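Following this note's numbering, the numbering of the sequence shown begins with 3 at its first residue and continues without gaps. Just so it is clear, CB atoms sit at the ideal spot from N, CA and C, and this is done for glycine as well. Since we're looking at a predicted model, the values are computed, not measured. Before any comments, here is the structure.
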Amino acid sequence: MKKLYTVSGKNVDEKKTVPFTTHHQILIVGGGSAGITVAAQLKNKLSNHDIAIIEPSEVHYYQPVWTFNAAGVFEKEKSKKLMEEVVPKDVAWIKDSVVSFNPDANTVSTAGGRMISYEYLVVAPGIQIDWDKVDGLAESIGTNGICSIYSYRSLDYTEECIKNLKSGTALFTQPNTKFKCGGAPQKIMYLASDTWKKRGDLGNINVQFTTGGSVIFGVKEVAEALGPVVKRYGVEPKFFHNLIAVKADEKIAVYDIYKDGKVVDQTEIKFDLLHVTPPQSSPDFIKNSPLADSEGWVDVDKHSMQHNKFPNIFSLGDAGSTPNAKTGAAVRKQSRVVTGNLVSLLKSGKIDTSLSYDGYGSCPLITGFGKLILAEFDYNNKITPSFPINQMKERRSMYHMKKDLLPIMYWEGMLKGRA
Ligand SMILES: Cc1cc2nc3c(=O)[nH]c(=O)nc-3n(C[C@H](O)[C@H](O)[C@H](O)COP(=O)(O)OP(=O)(O)OC[C@H]3O[C@@H](n4cnc5c(N)ncnc54)[C@H](O)[C@@H]3O)c2cc1C
3 MKKLYTVSGK NVDEKKTVPF TTHHQILIVG GGSAGITVAA QLKNKLSNHD
53 IAIIEPSEVH YYQPVWTFNA AGVFEKEKSK KLMEEVVPKD VAWIKDSVVS
103 FNPDANTVST AGGRMISYEY LVVAPGIQID WDKVDGLAES IGTNGICSIY
153 SYRSLDYTEE CIKNLKSGTA LFTQPNTKFK CGGAPQKIMY LASDTWKKRG
203 DLGNINVQFT TGGSVIFGVK EVAEALGPVV KRYGVEPKFF HNLIAVKADE
253 KIAVYDIYKD GKVVDQTEIK FDLLHVTPPQ SSPDFIKNSP LADSEGWVDV
303 DKHSMQHNKF PNIFSLGDAG STPNAKTGAA VRKQSRVVTG NLVSLLKSGK
353 IDTSLSYDGY GSCPLITGFG KLILAEFDYN NKITPSFPIN QMKERRSMYH
403 MKKDLLPIMY WEGMLKGRA
């Protein structure tokens, strides 16, 4: 019988019983949305399985509700569960973090000094938040009106900043790197603006959307649908503005200004509230590994999710190279392809060529309290609506689906391998 270190989250005394060299048939790196979903689906599909997840965190977060939490809609504690509650029963949880890969030997090494071998590897460690890439940000977040929904720890302060602002300039940034949830920088801006509008303060607040990008949203239909929303709140969009530094004491944000892909100027904007969506990149241990593509992401085929060099390795979620919007919604679709291919490989030695990920991503754009535009699209930015209605219209029904239904579907459906 296989030896489990943590079964159903019940920790066996690791120091005494965990062998430092061990083997698993399927090893999953990361117990986030992608890692747990894949583990749960595999467990449901395979009668005999030996699956282990390597995950250092005690806590699993449902990040899509952080926007609501910071807007004071419901308590942030509802966005998290203990890891032991979400790791599927009979799947081993190795509480450690991977530091390097040796795909030729089919092994990974961990911070805790373990070397673990595998038959198949699923790489899902998410995206890295590069707070230190903006000068002065890491040390000033949570002070002087500088806040972010990209960290659980900053949610309360973000809520406080929104509540306390009565007048002045509110800056909402979007980086020129890839980042998770393309709509989040705007969702929090619209919810903040709606808070100020309802309170009668919006007229005294200059809301600016400062983005390293060139458009309000990368999908034309969605950008058009957002036009009236931007107008309603009097948001001033500033394109090609990439935040590079924060002077916290003076409350000044410093931006590089881009033209034709080059920095042509720099500008400073004084703020009263600065909501930062930080630059993001592939985790360093992935960037520095043989699994990475030229940009540092796990180099997989965009349809099969199989590694381009190592056929027994798959990746999904925010760390993968697939050029989709990095969202939990994408994970849900990608997971079916990854688990289908793994089951097929185990049974027939071949991947299932009928399975193909089409780049689906979903961005539920909260445009105010009780208002949501549900953007769903594929690799070609083609709109792929789930409902037979005009999803480009702001809808209360979609808002409640996102706020009340999707969290239940996540915890009870997706993480249990059912959705
Ligand atoms: C504010 C915000 C709003 C969002 N809104 C939405 C939304 O509305 N809809 C939507 O679909 N998506 C949304 N997302 C995005 C969604 O949360 C992510 O796309 C999704 O969580 C990606 O899943 P993942 O498993 O790749 O990464 P994660 O869920 O981040 O999990 C990665 C896991 O890997 C672990 N890990 C890291 N390093 C190591 C290591 N060295 N070894 C082992 N494990 C490691 C981490 O501890 C973590 O548990 C939002 C995200 C944010 C931050």
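The three-state secondary structure of Trp133, taken from DSSP, is helix. Pairing Met411 with Ser156, the inter-Cα distance amounts to about 26 Å.
In this structure, the beta-carbon distance from Gly215 to Leu245 does not fall below 9 Å. Taking 4 residues as the minimum length, the alpha helix (DSSP H) runs contained wholly in the stretch 266-303 are 286-289, in order along the chain. For Tyr120, the secondary structure class from DSSP, reduced to helix, strand or coil, is strand. Here Arg398 is exposed. Its C-beta has fewer than 16 other C-beta atoms within 10 Å.
Pairing Gly236 with Leu193 gives a Cβ-Cβ distance that is not under 9 Å. Per the coordinates, the alpha-carbon of His25 lies some 20 Å from the alpha-carbon of Lys349. Asn343: member of the alpha helix (DSSP H) spanning 330-350, first to last residue. Not one heavy atom of ligand 1 lies closer than 8 Å to the C-beta of Trp95.
For Tyr401, the enclosing alpha helix (DSSP H) starts and ends at 398-402.
Boundaries of the beta strand (DSSP E) around Ala54: 53-56. Short note on Gly34: C-beta closer than 8 Å to some heavy atom of ligand 1. Ranked by how close their Cα comes to the Cα of Gly33, the residues Ile55, Ile143, Lys91 have Ile55 in first place. Collapsing the DSSP output to three states places Thr355 in coil.
Ligand 1 approaches Pro66 closely enough that one of its heavy atoms is under 8 Å from the residue's Cβ. Note that the C-beta distance between Val231 and Ile391 is not below 9 Å.
By a beta-carbon distance limit of 8 Å, Met400 contacts Pro366. Their separation comes to about 7 Å. The closest CA to that of Ile218, considering only Trp198, Phe241, Asn206, is found on Phe241.
Boundaries of the alpha helix (DSSP H) harbouring Asp196: 186-201, taken from the DSSP string. Here DSSP, grouped into helix, strand and coil, assigns Leu318 to coil.
Only exposed fits Val266, as fewer than 16 other CB atoms lie within 10 angstroms of its CB. Between ligand 1 and the CB of Ile151, the shortest heavy atom gap is smaller than 8 Å. Excluding sequence positions up to five before and after Pro285, its CB lies within less than 6 Å of the CB of Pro127, Gln130, all in the same chain and listed in chain order. Counted as a single uninterrupted DSSP element, the beta strand (DSSP E) harbouring Cys365 occupies residues 363-370. Setting aside the 5 residues that flank it on each side, Lys47 is surrounded in the same chain by Thr341, Val345, each with a C-beta closer than 7 Å to its C-beta; the list follows chain order.
A distance below 9 Å separates the beta carbons of Thr369 and Leu228.
Non-local beta-carbon contacts of Arg334 in its own chain, meaning distances under 8 Å to residues more than five positions away in sequence, involve Thr39, Met416, Ala421 in chain order. According to the DSSP assignment, Pro239 belongs to the beta strand (DSSP E) that extends over 238-240. By the Cβ-count criterion, Gly202 is exposed, with fewer than 16 other Cβ atoms from all chains shown falling within 10 Å of its own Cβ. For ligand 1, a non-hydrogen atom lies closer than 8 Å to the CB of Thr329. In the same chain as Lys182, and ignoring 5 residues on each side of it, the C-beta atoms closer than 6 Å to its own belong to Ile129, Asp320, Lys328, in chain order. Annotation: Asn146 to Asp274 spans about 8 Å, alpha carbon to alpha carbon.
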